[in-house]
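The next block holds one structure in the form of structure tokens; read it before the comments.
Residue numbers (mature numbering (1 follows the signal peptide of the UniProt record, and there is no 0)): -22 to -1, 1 to 198.
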């Protein structure tokens, strides 16, 4: 059993996000242009991480305040797509979308398999998020297609980001592009949140001489 099949089973992606399973663009993008551009985009990512830590996990006194940081792990994806003024709403949308996928998976998991395809369309969190993302993505897609039509595929100042990589890969509908972006961000936010959580677990259980300090902070 592959990692992706486990994720599909756990999050009920075959029912909750069938479009992503039909076109798993995130696999090719992660192994291809995303990996190849790590070096080129690393300064931007580093700056974004610094800003995110200063904003959400600021140093206070002799340590960090971590109580409210877990819900803000969506900041990292901003640098993978060059968003204009609606960045704040895009980040909020991706955090809500991640929660909606989790809630949908938990709820569908309580039902008999035969009922899941029937009940899933009644759960509106994921479809509403997809429509909201489509409204954000549409003007960006339109602008880039116009630039390409006027100046060719390698038009000047062509952004080097996820949207460009998906447009260069193969033709996709606007909805498919929105679902792919949300799916990639879901994986990013979910794994980041899990990583932060397990770091705290490791500190709390195996920190040795730091155990008392960590336990006191968790109690606080």
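Virtual Cβ for every residue (Gly too), placed ideally from N, Cα, C. Quick caveat, the model's predicted, so the values are computed rather than measured.
- Between the alpha carbons of residue 24 and residue 162 lies a gap of roughly 19 angstroms.
- Distance from the CA atom of residue 125 to the CA atom of residue 156, rounded to whole angstroms, is 20 angstroms.
- Contact between residue -7 and residue 83 is confirmed by a C-beta separation of about 7 angstroms, below the 8 angstroms threshold.
- The DSSP-derived three-state label of residue 109 is helix.
- Contact between residue 167 and residue 73 holds, with the beta-carbon distance rounding to 7 angstroms and staying under 8 angstroms.
- Here DSSP, grouped into helix, strand and coil, assigns residue 9 to helix.
- Residue 75 is not a Cβ neighbour of residue 7, given a cutoff of 7 angstroms.
- If you draw a straight line from the Cα of residue -17 to the Cα of residue 123, it comes to about 36 angstroms.
- When the beta-carbon positions are compared, residue 110 and residue 145 stay at least 7 angstroms from each other.
- Its chain contains -4, 108 and 112 as the residues whose beta carbon lies nearer than 8 angstroms to that of residue 153, once the 5 sequence neighbours on both sides are disregarded; these appear in chain order.
- Of all alpha-carbon atoms in 67, 1 and 21, the one lying nearest the alpha-carbon of residue 149 is that of 1.
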